[in-house]
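Here the structure is laid out as structure tokens; the discussion comes afterwards.
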Amino acid sequence: MVTILISSALLLYLVASGVLARSFAGGGDAGPRTGTMVAALGVALHGAALAAFTALHNELPLVGLAPSLATLGFLIGVFLLVTTITNARPVGLVLVPVMAVLAGLALVLGLQPTGEDLAFRGVWFAFHVLAAFIGYAGLTVAFAAGLLYLLQFRELKGKRLGRIFRFFPALPTLDLLGRWSVAIGFATLTLALLLGWGWTVRFQQTLAPGNPQVIWGVITWFAFAAMLGARAWGTAGRERRAALASVIGFTVVVLVYVVLRLSVVAGSVFL
Amino acid sequence: MSLAIVGISHRTAPLEVRERFVVDAEQSAQAMRRLASTGCGEAVLLSTCNRTELYMRVAEDHPDAADLAARFLSDHARMAEHDADRYLYTLHDEAAVEHLFRVVASLDSLVIGEAQIQGQVKTAYERATTTDGGFSVGPVLARMFESALRVGGRVRHETRLGTGAASIPSAAMELARKIFGNLKGRRALVLGAGEMSELTVECLRSEGVQQVLVSNRTAARAGEVAARLGATAVPFERMAATLGDVDIVVSATAAPHPVITDAVIAQARVAERKRPLLILDIALPRDVEPEVGAQPNVFLYDIDDLSQVVEGTLERRRSEVSIAEGIIRDGVRDFWQWYRGRNVVPTIRDLRGWAEQVRDAETRRALQSLQHLSAKDQGQVEALTRQLLAKVLHGPTTRLREAAADGRDAHVLEVARYLFGLDDKARNGAGSATERRHDTT
Chain D
173 MVTILISSAL LLYLVASGVL ARSFAGGGDA GPRTGTMVAA LGVALHGAAL AAFTALHNEL
233 PLVGLAPSLA TLGFLIGVFL LVTTITNARP VGLVLVPVMA VLAGLALVLG LQPTGEDLAF
293 RGVWFAFHVL AAFIGYAGLT VAFAAGLLYL LQFRELKGKR LGRIFRFFPA LPTLDLLGRW
353 SVAIGFATLT LALLLGWGWT VRFQQTLAPG NPQVIWGVIT WFAFAAMLGA RAWGTAGRER
413 RAALASVIGF TVVVLVYVVL RLSVVAGSVF L
Chain H
5 MSLAIVGISH RTAPLEVRER FVVDAEQSAQ AMRRLASTGC GEAVLLSTCN RTELYMRVAE
65 DHPDAADLAA RFLSDHARMA EHDADRYLYT LHDEAAVEHL FRVVASLDSL VIGEAQIQGQ
125 VKTAYERATT TDGGFSVGPV LARMFESALR VGGRVRHETR LGTGAASIPS AAMELARKIF
185 GNLKGRRALV LGAGEMSELT VECLRSEGVQ QVLVSNRTAA RAGEVAARLG ATAVPFERMA
245 ATLGDVDIVV SATAAPHPVI TDAVIAQARV AERKRPLLIL DIALPRDVEP EVGAQPNVFL
305 YDIDDLSQVV EGTLERRRSE VSIAEGIIRD GVRDFWQWYR GRNVVPTIRD LRGWAEQVRD
365 AETRRALQSL QHLSAKDQGQ VEALTRQLLA KVLHGPTTRL REAAADGRDA HVLEVARYLF
425 GLDDKARNGA GSATERRHDT T
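As they're listed, the protein sequences go chains D and H. Anchor point for the first sequence: position 189 equals 361 in our numbering, and the numbering is continuous, going up by one each time. Anchor point for the second sequence: position 423 equals 427 in our numbering, and the numbering is continuous, going up by one each time.
So this is what it looks like as structure tokens:
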């Protein structure tokens, strides 16, 4: 059941990606709306898959790589649906393929519970991981908004005024989306770190500075801080700096994850 | 009755000729009354800056009605007949219908896909329906215009023919929206007080720009334009200081040298501002030094850049023409089937009337010899004959409508009327259908 639902969601994400890409290539105006609607259907099925997983295994899909990727993809989808409020649907051009990749990886890796006996199961843990995932979803949306902002800015400044100019949203729309995504992501990731440290300090009397998850979380937190700093600093071009910081920040966080993942000791529960 | 169009448009005449043919709203009512006396059964007059066209339904016994309409237009333009004939065109029947559909869908416009024409046609049609109680629009032109407007709406919704900026001012506004999002609450400075500047001020106002400032070397001229368009005049000497406070600058002066230079930008302390500055240089020769565009928060566009946006839009619109033409073809076909189908309506009515009379008479006679049947059974006999008649007539009725749609109606109608003796019956007073043979919607 879970596999069928997530496969259906993946199929819809691929269709939505195709609709958006075709619309971008052909300069279509209805594409973003249609693509977002198809993706929304995918997000609904994705949510149903996660609910089915929880019901089936009596466990939230927050532990293990495949369930985590599936949850992260779903949260990015929820962010994407919220972007329709700001008229920034074309960000789906970046976000929907990311959602498709995450859902596809979850399927390939096998959406099964890890079976590991985690000492820290419970509401505390659920809040901690969920808050962290919302933070990473916010980071991804900020990256998408920032990337589109930089491309649109380049198009406008370079007077090319072609496909990107027509298809991408206005600069303030992308900036607003990036700003809110960073704000939400920063707040939730901070909460996630505090909850995690609260638990380790209380039960293990340590801040666990060597834990790969903590390292990754702290680096992500600094990436968010840099994005906020880029906006606060200086006068002219603050929006562009913030967009650039979002793209660099996201790239750094992904690279750090890959490095940590490759260097982590066997048997660790790091994602 | 047949359909006809007599008109003049940007395709056949230059502006100086077209403007002589323009008929305003007041003249339009008088024109309708005059046309009624020329044999026009129905007429709608469409007059815009790009076309003046008379859409008519004329009686068969008035074959010269289109000529009379052409004379009416040439008289109105105070132009000799043979001169006017060089520019006027006449279209009949299906070609006339297709022309109207193309006009409404904006395929016949000077700028393909422009939005105004649909409203202009609607206004012309509504004006014709209200002229002296709407005598000028009957069921055929009403259906033709309503179908055309519906098809025009479909073209706008189902194609990208109406999207994008297709003029220099609209391209400028599109650029501004991409940089600032909503233009409400923004401030703009317009340099120059010529025709282009006035047009730009109007565009900015319609986009909701909060304050528009107008500056010109001749202060009086700036004051005049500002007063007329609800803007504020600013002395030209204060231009640099004002530049620092506005979001959009539109420069359209006739100056032979750049008005906005690097020095002016430095004086306006543009580099220190947090908001971007959009400069639209629509003057020839250019008013703004190209180096100004190198400032990080300055977006500078000249007339060539704006033309690039317009050309991109027109190219996309041209690629949609074939889709629009498909929609128009469907619309014309539907209308034409309905229009031709009207020719068979009197014959179908006569046929059904005659058959019903036969059925009624025969059923009455039969029921008189079936008095022993209960009222319920008699009702069933009555119902049976009705069903039988409906089934028998369904085939011929359908064939007649098909023949009309295929354009074979004249011959088929003659045969049908002969076979069923409909004309004899009409002559003998067996049915009054022939007298009722009038327009039916």
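Idealized CB from N, CA, C, for every residue including glycine. Treat the numbers as computed from the prediction; the structure is a model and nothing was measured.
Can you find the residues in the same chain that come closer than 6 angstroms, C-beta to C-beta, to residue i, ignoring five residues on each side of it along the sequence?
{"i": "Asn347/H", "result": "Ala408 and Asp413"}
{"i": "Ile307/H", "result": "Ile286"}
{"i": "Glu102/H", "result": "Val336"}
{"i": "Ala402/D", "result": "Arg413, Ala414 and Ala417"}
{"i": "Met177/H", "result": "Cys207 and Glu211"}
{"i": "Ile283/H", "result": "Val253, Val292 and Leu304"}
{"i": "Ser180/D", "result": "Leu217"}
{"i": "Ala17/H", "result": "Tyr91"}
{"i": "Ser51/H", "result": "Val26 and Val27"}
{"i": "Gly207/D", "result": "Ala188, Val191, Leu192 and Gly264"}
{"i": "Trp342/H", "result": "none"}
{"i": "Ala231/H", "result": "none"}
{"i": "Gln271/H", "result": "Ala244"}
Under 7 angstroms Cβ to Cβ from residue i, same chain only, skipping five residues before and after it: list those, please.
{"i": "Glu45/H", "result": "This sequence places Gly at residue 45/H; Glu is not what is there. The residues are Met5, Arg61, Val62, Ala63 and Gly142."}
{"i": "Ala81/H", "result": "Arg24, Phe25 and Ala88"}
{"i": "Ala304/D", "result": "Leu361, Ala364 and Gly389"}
{"i": "Thr243/D", "result": "Leu222, Pro233, Leu234 and Phe305"}
{"i": "Gly234/H", "result": "Arg209"}
{"i": "Trp340/H", "result": "Glu98 and Val101"}
{"i": "Tyr93/H", "result": "Gly11 and Thr16"}
{"i": "Val426/D", "result": "none"}
Could you give the DSSP three-state label for residue i: helix, strand or coil?
{"i": "Gly509/H", "result": "Chain H is shown only over 5 to 445; residue 509/H falls outside these bounds and no answer can be derived."}
{"i": "Tyr91/H", "result": "coil"}
{"i": "Gly45/H", "result": "strand"}
{"i": "Ser189/D", "result": "helix"}
{"i": "Asp266/H", "result": "helix"}
{"i": "Thr389/H", "result": "helix"}
{"i": "His96/H", "result": "strand"}
{"i": "Thr236/H", "result": "strand"}
{"i": "Met177/H", "result": "helix"}
{"i": "Arg261/D", "result": "helix"}
{"i": "Gly236/D", "result": "coil"}
{"i": "Asp251/H", "result": "coil"}
{"i": "Thr362/D", "result": "helix"}
{"i": "Val336/H", "result": "helix"}
{"i": "Glu57/H", "result": "strand"}
{"i": "Leu213/D", "result": "helix"}
{"i": "Ile283/H", "result": "strand"}
{"i": "Leu349/D", "result": "helix"}
Relative to the ligand FMN, is the shortest distance from any of its heavy atoms to the C-beta of residue i smaller than 7 angstroms?
{"i": "Leu423/H", "result": "Among the components modelled here there is no ligand, and therefore nothing to report on the ligand FMN."}
Does residue i pass the burial test, meaning 16 or more other C-beta atoms within 10 Å, or should it be called exposed?
{"i": "Thr255/D", "result": "buried"}
{"i": "Glu276/H", "result": "exposed"}
{"i": "Thr378/D", "result": "exposed"}
{"i": "Arg242/H", "result": "exposed"}
{"i": "Ala437/H", "result": "For Ala437/H, the pLDDT reaches just 40, beneath the cut-off of 50, and the residue's location in the model is therefore unreliable, although a value from the coordinates is still provided. With 16 or more other Cβ atoms within 10 Å, it is buried."}
{"i": "Ala404/D", "result": "exposed"}
{"i": "Gly123/H", "result": "exposed"}
{"i": "Tyr129/H", "result": "buried"}
{"i": "Phe396/D", "result": "buried"}
{"i": "Leu184/D", "result": "buried"}
{"i": "Glu20/H", "result": "exposed"}
{"i": "Tyr422/H", "result": "exposed"}
{"i": "Ser378/H", "result": "exposed"}
Closer than 8 angstroms by C-beta to residue i: which residues in its own chain qualify, once you throw out the five before and the five after it? Chain order, please.
{"i": "Phe445/D", "result": "This structure gives no information on residue 445/D, because the portion of chain D shown stretches from 173 to 443."}
{"i": "Ala223/H", "result": "Ala237, Pro239 and Phe240"}
Query - Meets three-Cβ-pair contact criterion under 8 angstroms: the stretch 151-160 of chain H and the stretch 105-124 of chain H - result: Verdict: yes, contact present.
Query raised in the report: At what residue ranges does the stretch 296-327 of chain H contain a whole run of the beta strand (DSSP E), taking only runs of 3 or more?
Result: If we require 3 residues or more, the beta strand (DSSP E) runs fully inside the stretch 296-327 of chain H come out as 302-306.
Query raised in the report: Is it a yes or a no for the stretch 323-330 of chain D touching the stretch 257-264 of chain D, going by three-plus beta-carbon pairs under 8 angstroms?
Result: Taking 8 angstroms as the limit for Cβ pairs, the verdict is that the stretch 257-264 of chain D does not touch the stretch 323-330 of chain D.
Query raised in the report: Counting Cβ pairs closer than 8 angstroms, one from the stretch 168-177 of chain H and one from the stretch 113-120 of chain H, do we hit at least three?
Result: Judged by pairs of C-beta atoms under 8 angstroms, the stretch 168-177 of chain H touches the stretch 113-120 of chain H, as three or more such pairs exist.
Query raised in the report: For the 8 angstroms Cβ check, are there 3 or more pairs between the stretch 306-321 of chain D and the stretch 211-226 of chain D?
Result: Two segments are said to touch when three or more pairs of C-beta atoms, one from each, lie closer than 8 angstroms; by this definition the stretch 306-321 of chain D does not touch the stretch 211-226 of chain D.
Query raised in the report: Where in the stretch 291-324 of chain D do unbroken runs of the alpha helix (DSSP H), each at least 4 residues long, occur, reported from the N-terminal end onward?
Result: Correct list: empty.
Report task. Determine, using beta-carbon pairs with one atom in the stretch 231-240 of chain D and one in the stretch 274-285 of chain D, whether at least three such pairs fall under 8 angstroms. Result -> At 8 angstroms Cβ cutoff, the stretches touch.
Query raised in the report: Counting pairs of Cβ atoms below 8 angstroms between the stretch 357-371 of chain H and the stretch 379-398 of chain H, do you hit three or more?
Result: Yes: the two stretches touch, three or more of their Cβ pairs being nearer than 8 angstroms.
Query raised in the report: Quick one: complete alpha helix (DSSP H) runs, 4+ long, within the stretch 123-194 of chain H?
Result: Listed in chain order, they are 143-162 and 172-184.
Query raised in the report: Is there contact between the stretch 351-363 of chain H and the stretch 182-196 of chain H, where contact requires at least three CB pairs shorter than 8 angstroms?
Result: No, the stretch 351-363 of chain H does not touch the stretch 182-196 of chain H.
Report task. Taking 8 angstroms as the threshold, find out whether the stretch 192-199 of chain H comes into contact with the stretch 316-331 of chain H through three or more Cβ pairs. Result -> With the cut-off at 8 angstroms, the stretch 192-199 of chain H and the stretch 316-331 of chain H do not touch.
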